[in-house]
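Below you'll find the structure, written out as structure tokens, and then a few comments.
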Amino acid sequence: MSSTPRTYDLIIFGATGYTGKLTSKQILLNSPTTLKWAIAGRSSQKLELLATDYNTTYPDRQPVETFVSDLSEPALDNLTKSTCCLISTVGPYLKYGTPVVAACARNGTHYVDSTGETPWVKRIIEKYHEEAKKNGAILIPQCGVESAPAELSAYALVKFVRDKLNCGVREMVYTIDDLKGGVSGGTAETALSMFEHCSLSEILTSANHYSLSPVPGRPLPYTLPFRRHPTFGYLTMWIQAIPDTTLVYRGWGLHDEGQYYGKNFEFREYKKTRNFVTAILWVIIFSALSALPFFAPIRWLTRKFVTQPGDGPTTEQVLKHRVEWRGIAEADDGRAVHQRAYVSFRAEKDCYELTGILLALTALSILFDEDTLAKKIGGGVLTPSTIATERYFKELEKAGVFVETKMLDWLRE
Ligand SMILES: NC(=O)c1ccc[n+]([C@@H]2O[C@H](COP(=O)([O-])OP(=O)(O)OC[C@H]3O[C@@H](n4cnc5c(N)ncnc54)[C@H](OP(=O)(O)O)[C@@H]3O)[C@@H](O)[C@H]2O)c1
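Encoded structure:
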């Protein structure tokens, strides 16, 4: 990063949106009170209202300031040269995200976002990884529920196996175990607009396991989209599997070019289901539903009925929401029957609140933790696990997000 002093430690761009507000809340709750920060967006009126509310509610903190910016190059240069780190919740990222990342890479500004759009992440890696690295900018996309929990869980499990057994990992099966939540208008719009900003071939190419990996991997065997697992039971296709898997393999490649996770590492993500019939039915329904947004009239009609941008699950709804992912990996220990390790990633929270926590804590870790892989690499398009130190996991815990690992008893579990 440039050594010229900057006005702010952190700016949240898109602070007037549903996720932006939840991220600001986490900064107010979990960052040093002396943090110099600002909320940014295109509407000064909306920003002023929020800043007044935050400064009245938290009078002991350094007051939050406002910063008006649109997406033009001069405005984004001004925005990104004013801060050490930018969190952007301005989405859809395929539509709005590229000039923001370009400005951060150009001006050596650290960057964090909540995209789940793998084709876009592939584009920004190809265009801006080298420039960002040269200018010392750490860019970490996909810090929301897509796909930080999966990438952090894979890293936590591999680290646990390395520390305990001094070997890598073979297959890791990861499941969404419990999900009670809703969808924001921004997410609905992002899912629909993907088909307006990407060709089918770009979507398919970016869905390859290694599409984001910095190093090539061995060809992976084909597996059916449903299965029965000895511990998890019946498993089927899951919507987050593509963005999660591609990010996990970028993490695999960034940690010692795949050597740390191991050359036999495989990551497979599913959703839990009741039996084989529901597993197969879900694959059929899910595949049919995924094809529908390719048709413009269906997108037009869907937009009439889904939550509108700016909105999301209500305060009453989120009180009942929780989420838990669980994973099991076989150690690459050379035994005939491999030892198995387990990870759980759990939050008694709504997914958007969890996204706010992950965005805020990732940015704070970039700003204040010198002992991260990201700092050693020096910059470029990286993953959440490259800032995940013990201190980071402790901060997650303080915020109500629990990542737990243990060995499994192979006789009983
Ligand atoms: N994958 C995940 O895990 C995950 C989780 C949460 C969110 N997300 C993603 O995060 C993004 C935001 O979601 P959300 O629900 O917070 O959306 P939202 O409520 O619609 O907020 C969007 C924000 O972007 C701003 N914005 C829109 N167009 C702009 C432009 N041309 N110039 C400047 N600012 C602009 C909006 O400003 P105004 O207020 O002025 O309109 C608002 O602040 C979406 O892409 C969503 O998919 C992903």
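First residue of the sequence shown? That's 1 in the UniProt record's numbering, and the numbers climb one at a time after it. Cβ atoms here follow ideal geometry from the backbone N, Cα and C, with glycine treated the same way.
Hey, residue i and residue j are a contact pair by Cβ (cut 8 Å); roughly how many whole angstroms apart?
i      : j      : result
THR57  : PRO243 : Going by Cβ atoms, the distance from THR57 to PRO243 rounds to 34 Å, so no, they are not a contact pair.
VAL90  : VAL101 : Incorrect: roughly 11 Å between the Cβ atoms, too far for contact.
TYR270 : LEU247 : Rounded, the Cβ-Cβ distance is 17 Å, inconsistent with contact.
LEU86  : SER193 : Their Cβ separation, rounded to whole angstroms, is 22 Å, which puts LEU86 and SER193 out of contact at 8 Å.
PRO225 : VAL283 : 5 Å
ALA103 : ASP70  : Going by Cβ atoms, the distance from ALA103 to ASP70 rounds to 12 Å, so no, they are not a contact pair.
LYS272 : PHE305 : So it is not a contact: roughly 28 Å between Cβ atoms.
LEU50  : ILE39  : 6 Å
ARG6   : ASP178 : Not really, about 41 Å apart at Cβ, beyond 8 Å.
Would residue i be called buried (16 or more neighbouring beta carbons within 10 Å of its own) or exposed?
i      : result
VAL277 : exposed
ARG274 : exposed
ARG200 : Here the sequence assigns Leu to residue 200, which means Arg is not the residue at that position. It is exposed - the Cβ of LEU200 has fewer than 16 other Cβ atoms within 10 Å.
GLY334 : exposed
GLY310 : exposed
ASN107 : buried
ALA279 : buried
TYR8   : buried
LEU204 : exposed
LEU152 : buried
ILE328 : buried
For ligand 3, I want to know if residue i counts as a neighbour, meaning its beta carbon is within less than 7 Å of at least one of the ligand's heavy atoms.
i      : result
ASP369 : Judged by which ligands are present, ligand 3 is missing from the structure shown, whose ligands are ligand 1.
Beta-carbon separation of residue i and residue j under 8 Å?
i      : j      : result
PRO313 : GLU189 : no
ASN30  : GLY379 : no
VAL337 : ARG268 : no
PHE67  : SER82  : yes
LEU396 : LEU10  : no
GLY116 : GLU146 : yes
TRP325 : THR187 : no
THR355 : SER114 : yes
ALA154 : HIS110 : no
ASP60  : THR34  : no
Going by beta carbon distance, what residues of the same chain come within less than 6 Å of residue i, once the five residues before and after it are set aside?
i      : result
TYR128 : VAL101 and ALA105
ASP63  : Here the sequence assigns Pro to residue 63, which means Asp is not the residue at that position. So the qualifying residues of the chain are ASN55.
GLU330 : ARG170, GLU171, HIS338 and ARG340
TYR249 : HIS209, TYR210 and SER213
ILE27  : ALA360
ALA241 : GLU269
GLY262 : GLY168, VAL169 and ASP332
MET237 : PRO225, VAL283 and PHE286
PRO149 : TRP325 and PHE345
Short of 7 Å in beta carbon distance, which residues of its chain neighbour residue i, apart from the five on each side in sequence? Order them along the chain.
i      : result
THR362 : VAL112, ILE140, CYS143, PRO384 and ILE387
GLY14  : GLY20, GLY41, SER88, THR89 and VAL90
Tell me which residues share the same chain as residue i and place their Cβ nearer than 8 Å to its Cβ, disregarding the 5 neighbours each side in the sequence.
i      : result
VAL369 : Here residue 369 is Asp; the residue named in the question, Val, does not match the sequence. Cβ within range, chain order: LYS375, ILE387, THR389, ARG391 and TYR392.
ILE357 : GLN26, ASN30, ALA347, LYS349, LEU396, ALA399, GLY400 and VAL401
ARG123 : THR98
*Segments assigned alpha helix (DSSP H), at least 4 residues, entirely inside the region 285–356*: When DSSP assignments are scanned along the region 285–356, the uninterrupted stretches of alpha helix (DSSP H) that are 4 or more residues long and fall wholly within it turn out to be 296–305 and 315–318.
*Could you tell me which uninterrupted alpha helix (DSSP H) segments, each at least 4 residues in length, are contained entirely in the region 95–155, listed from first to last along the chain?*
Within the region 95–155, the runs of alpha helix (DSSP H) at least 4 residues long that lie entirely inside it are, in chain order, 118–134.
*Considering only residues of the region 233–263, which uninterrupted alpha helix (DSSP H) runs meet the minimum length of 4 residues and lie entirely inside it, listed in chain order?*
Whole alpha helix (DSSP H) segments, 4+ residues: 241–254.
*Kindly provide the ranges of any alpha helix (DSSP H) runs that are 4 or more residues long and lie completely inside the region 151–213, ordered along the chain.*
Runs of the alpha helix (DSSP H) inside the region 151–213: 185–197 and 200–206.
_If we require 3 or more residues per run, which beta strand (DSSP E) segments fall completely within the region 352–409?_
The qualifying runs are 401–407.
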